[in-house]
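Student: Using our numbering, the first residue of the sequence shown is number 16, and each one after it goes up by one.
Structure in structure tokens, see below.
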Amino acid sequence: AEELAAWNATMPPGPTFPVPAADLTDLRYRLVLGPEAAPGTEVGRVHFYSGSTELGAQPVVQR
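The structure is reproduced here in structure tokens:
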């Protein structure tokens, strides 16, 4: 949340990604942002991973 706030962006609520309990220690994310845009416009995505497997991605929008 702090990283998104620094870029004046937010991630709207979205789906959940089920993760086996054994994989909880290997969770990570990658924030990919483009240039600043008009409020409400998608400016990037957050990709969620368990190890090397991508679980899914969520859009990031300009605030």
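All residues carry an ideal CB built from backbone N, CA and C; glycine is no exception.
Going by C-alpha to C-alpha distance, which of Pro50, Arg78, Leu19 sits closest to Tyr44?
Tutor: The residue with the shortest Cα to Cα distance from Tyr44 is Leu19.
Student: Using only alpha-carbon positions, find the residue among Met26, Leu48, Pro74, Leu70 that is nearest to Pro33.
Tutor: With distances taken between Cα atoms, Pro33 lies closest to Leu70.
Student: Any idea which residues DSSP pairs Glu57 with across the strands?
Tutor: According to DSSP, Glu57 bridges with Val76.
Student: State the start and end residues of the unbroken beta strand (DSSP E) segment that holds Leu46.
Tutor: Counting along the chain, the beta strand (DSSP E) containing Leu46 begins and ends at 42-48.
Student: Considering Cα atoms alone, identify which of Thr56, Thr68, Met26 is closest to Leu46.
Tutor: The shortest C-alpha separation from Leu46 is found at Met26.
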